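Taking UniProt numbering, the leading residue of the sequence shown gets 1, the next gets one more, and so forth. Every residue gets a Cβ at the ideal spot worked out from N, C-alpha and C, and that includes glycine. A quick note: this is a predicted structure, and the numbers were derived from the prediction, not measured.
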Amino acid sequence: MAPNTATRRRRQPAANTKSRKGRAKAPATPASIPAQAAAPEETVPLVFPEADPVLADAADRAADLRDLAVDEAARILADGQVRADELMEGARTEAAAFTEAVNAEQAQIIADAEKEADRVRTEAATTAAADTDQVRAAAETAAEQLLADARRQADTVAVTAAGDAERVLADAKATAEQLLADARRQAQEVTTTAVAQAEQVSTEAAQAAAKVLSDAETQRTELMAGAERTAVQTRTRATTDAEQVLERARGEADRMRESADGQAAQVRAGAEKVAAGLRADADRALADARTSAEELRTAADKGAARLREQAEADAKTAREAAAQATADQA
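See below:
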């Protein structure tokens, strides 16, 4: 039986390009106040597609190892059984040939003895008519002795042939049992190797899951730090811009107070509105960054848990397959 060495088709990782973008839209700026820059966009990945290839590769490798172990064990047992059957058939054929040769030799010996007895009787009958009784008695004795010797020789040959046949059968059975024992031992070794390789694949999958989780935690920390820095920078820039706007508004109001008190009040209100909008944008950007970081951490935890469960399931399946193969061999 040829082992099944076909490589399983690898599953492609599902593309997940979902992203969160926090955008802050500044309110309309009065004509007398300079336009302010909007808050920068933050793009945060939601999940890690690296977990799917690791999981698929671990599952495929464990399945390939199980299939190879089962096929190799079946092939070894089949080869051992075929060789044992061939040895038993050869032993039976050889024993039958021995028996046939012994029977032929025994029949030949008896036929020769009968011919010799007939010859002795004929010679005794024609030797002397006066000593017929004595000669006949001697001839009968000689004939009986010849027949007894022939039968004894035939029995000896038959016993020897039977012993040889039994020895050949015993040797064939011992050889067949040795072949079957070797086949079972080889199948056990293949099964043990497959279990060890499956456990190694599960360990590698667990290590890969731990690495993915560690990378996710590192990236989450970096994103949180970047979000904090961005929020601080946005808040500082908003405060600076608001102070500059207020300072300009105060200067404009001082210059126009004598002639346009109402316009100065409008300018001040617009500046305060811009400052409030900038602060709101900074708060929204910080909240979006924190939400994205939490979602990233949750997705990483789920991916790591799924990898661990899959690795344990693959290891359990490999052990069950090894136990089944051992039971089938027994």
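Using the C-alpha atoms, what's the distance from residue j back to residue i?
| i | j | result |
| --- | --- | --- |
| Arg220 | Gly303 | 15 Å |
| Gln81 | Ala315 | 31 Å |
| Ala208 | Glu312 | 14 Å |
| Glu204 | Thr218 | 21 Å |
| Thr240 | Arg284 | 19 Å |
| Gly270 | Leu246 | 10 Å |
| Phe48 | Ala299 | Low per-residue confidence applies at Phe48: pLDDT is 49, beneath 50, and the placement is therefore not dependable enough to give any value. |
| Ala187 | Thr156 | 46 Å |
| Ala174 | Ala104 | 30 Å |
| Val168 | Ile76 | 25 Å |
| Thr192 | Arg319 | 9 Å |
| Ala24 | Asp288 | Unreliable positioning characterises Ala24 in this predicted model, as indicated by a pLDDT of 40, which lies under 50. The coordinate reading is nonetheless provided below. Roughly 11 Å separates the two Cα atoms. |
| Arg152 | Thr122 | 24 Å |
| Thr291 | Gln324 | 49 Å |
| Val225 | Ala59 | Rather than Val, the amino acid found at residue 225 in this sequence is Ala. Between Ala225 and Ala59, the C-alpha separation is close to 36 Å. |
| Val274 | Glu222 | 31 Å |
| Glu309 | Ala280 | 43 Å |
| Arg92 | Glu199 | 47 Å |
| Ala305 | Ala293 | 18 Å |
| Lys211 | Pro53 | 14 Å |
| Phe98 | Thr141 | 33 Å |
| Leu46 | Glu295 | Summary for Leu46: the model assigns pLDDT 44, below 50, so the residue's position carries little reliability; its value from the coordinates is reported in the next sentence. For Leu46 and Glu295, the distance between alpha carbons rounds to 6 Å. |
| Ala321 | Asp301 | 30 Å |
| Arg237 | Glu243 | 10 Å |
| Glu166 | Asp71 | 36 Å |
| Asp328 | Arg185 | 13 Å |
| Ala107 | Glu86 | 31 Å |
| Ala206 | Ala63 | 17 Å |
| Gln233 | Arg248 | 22 Å |
Contact defined as beta carbons within less than 8 Å: I believe residue i pairs with residue j. What is the distance between those atoms, to the nearest angstrom?
| i | j | result |
| --- | --- | --- |
| Arg297 | Ala196 | Not really, about 35 Å apart at Cβ, beyond 8 Å. |
| Leu179 | Ala84 | 5 Å |
| Asp79 | Ala181 | Going by Cβ atoms, the distance from Asp79 to Ala181 rounds to 13 Å, so no, they are not a contact pair. |
| Ala69 | Ala194 | 3 Å |
| Leu286 | Ala227 | 6 Å |
| Val120 | Ala137 | That belief does not hold up - the Cβ atoms of Val120 and Ala137 are roughly 12 Å apart, past 8 Å. |
| Met88 | Ala176 | 6 Å |
| Ile110 | Ala154 | 6 Å |
| Ala73 | Val190 | 6 Å |
| Arg61 | Thr317 | 12 Å between Cβ atoms; not a contact. |
| Ala150 | Ala95 | With a Cβ gap of about 25 Å, Ala150 and Ala95 do not count as contacting. |
| Ala282 | Arg229 | In fact, because the Cβ distance is near 12 Å, the residues do not count as touching under 8 Å. |
| Gly90 | Ala172 | 7 Å |
Mapping DSSP to helix, strand and coil, what is residue i?
| i | result |
| --- | --- |
| Pro40 | Caution applies to Pro40, whose pLDDT of 43 falls short of 50 and renders its modelled position unreliable; the value that the coordinates give is listed next. Looking at Pro40 - three-state DSSP - the assignment turns out to be coil, as it is neither helix nor strand. |
Any Cβ of chain B within less than 7 Å of the Cβ of residue i?
| i | result |
| --- | --- |
| Ala84 | Among the chains in the structure shown there is no chain B, since it carries only a single protein chain. |
Contiguous beta strand (DSSP E) assignments of at least 3 residues, all confined to the stretch 277 to 324: none
Beta strand (DSSP E) segments (min. 3 residues) lying fully within the stretch 177 to 229: none
Continuous alpha helix (DSSP H) assignments of at least 4 residues falling wholly in the stretch 89 to 123: none
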